[in-house]
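Colleague:
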Amino acid sequence: MSPLILASTSPYRKELLERLMIPFQTHDSQVDEDQFKNDISDPLVLTKTLAFEKAKSVFNHKDDSYIIGGDQIGLFENQILGKPKTKENAVVQLRKLAGKTHELITSTCILGPNGFVYEWTNHTTLRMRSLTLEEIKRYIDKDDPLNCAGSYKIESVGISLFESIQTEDSTAIVGLPLIELSKVLRTLGFELP
53 MSPLILASTS PYRKELLERL MIPFQTHDSQ VDEDQFKNDI SDPLVLTKTL AFEKAKSVFN
113 HKDDSYIIGG DQIGLFENQI LGKPKTKENA VVQLRKLAGK THELITSTCI LGPNGFVYEW
173 TNHTTLRMRS LTLEEIKRYI DKDDPLNCAG SYKIESVGIS LFESIQTEDS TAIVGLPLIE
233 LSKVLRTLGF ELP
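In terms of this note's numbering, the numbers along the sequence shown are unbroken and rise by one, the last being 245.
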């Protein structure tokens, strides 16, 4: 069996993949995302491209392995939701999202030996509840979402900010859609229930 490698250093993606209870390694893809963000304006094309490029950059050094690459973009009113980096920016972003709907696009790519390529994308629609400024500040202080697109951690207390979520796979929200991934890994011979 070829090794499985997650082309990511994201603790959230690693934690999700650990749920499948199969051995894997992680490697930083070292892809310069900004280069692609400057050249590609379509968010769907961008997530698919970045997922593929992340997998490819690791596969170039580990071509006997199955490599999982992933990327996610948040969209609000046709604008990409970036990482706020400061509390002030997080407040601004959450005030814009409060009471409204936005989308997460999560693309995944698996590359493997003998030219194996499998790619898919999940779309998630999220409706944030109305929030007071006090609730927003309290949330930011509790969850510290400054390195998260959209200024929330849905896998943590950030779930309390939402009114509804529509998706085919709830794990796609965190960045690695395990339902489809499990199906693909089973077909490749990985032992999953």
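Where is the CB? At the ideal position from N, CA and C, for every residue including glycine.
It should be emphasised that the depicted structure is a prediction, and the values quoted were computed from it without experimental measurement.
In the DSSP assignment, what are the bridge partners of GLY241?
Modeller: Sequence index remark: in the sequence shown, residue 241 carries index 189 (1-based). None; GLY241 has no bridge partner.
Colleague: VAL247 to ASP86, Cα distance in whole Å?
Modeller: Residue 247 lies beyond the residue range present for the chain, which begins at 53 and ends at 245; the question has no answer from this structure.
Colleague: DSSP has PHE174 in a bridge; who is on the other side?
Modeller: On the sequence shown, position 122 is the one that residue 174 refers to. As written in the sequence, residue 174 is Asn, which differs from the Phe given in the question. For ASN174, which the question treats as bridged, DSSP gives the partners THR158.
Colleague: For the alpha helix (DSSP H) that contains GLN82, what are its first and last residues?
Modeller: Position 30 of the sequence shown holds residue 82. It is not in any alpha helix (DSSP H) - GLN82 carries neither H nor E in the DSSP assignment.
Colleague: Please return the same chain residues whose Cβ sits closer than 6 Å to the Cβ of ILE217, not counting the five positions on each side in sequence.
Modeller: Position 165 of the sequence shown, counted from the first residue, corresponds to residue 217. Taken in chain order, the residues that qualify are LEU178.
Colleague: From the DSSP output, in three-state form, read off GLU187 for me.
Modeller: Start at 1 with the first residue of the sequence shown, and residue 187 comes out as number 135. It is helical.
Colleague: Could you give the distance in angstroms between the alpha-carbon of SER54 and the alpha-carbon of ALA107?
Modeller: Taking the first residue of the sequence shown as position 1, residue 54 is located at position 2. Taking the first residue of the sequence shown as position 1, residue 107 is located at position 55. SER54 and ALA107: Cα-Cα distance of roughly 15 Å.
Colleague: Buried or exposed: which applies to ASN199, given that a residue is buried once 16 or more other Cβ atoms fall within 10 Å of its Cβ?
Modeller: Start at 1 with the first residue of the sequence shown, and residue 199 comes out as number 147. ASN199 comes out exposed.
Colleague: If distances are taken between C-alpha atoms only, which option among TYR118, GLU187, THR61 comes closest to GLY151?
Modeller: For the purposes of this step, residue 151 is taken as residue 99 along the sequence shown, with counting starting at 1. Minimum Cα distance to GLY151 is reached at GLU187.
Colleague: On the DSSP bridge list, what partners appear for MET180?
Modeller: Taking the sequence shown and counting its residues from 1, one reaches residue 180 at position 128. MET180 pairs with PHE214.
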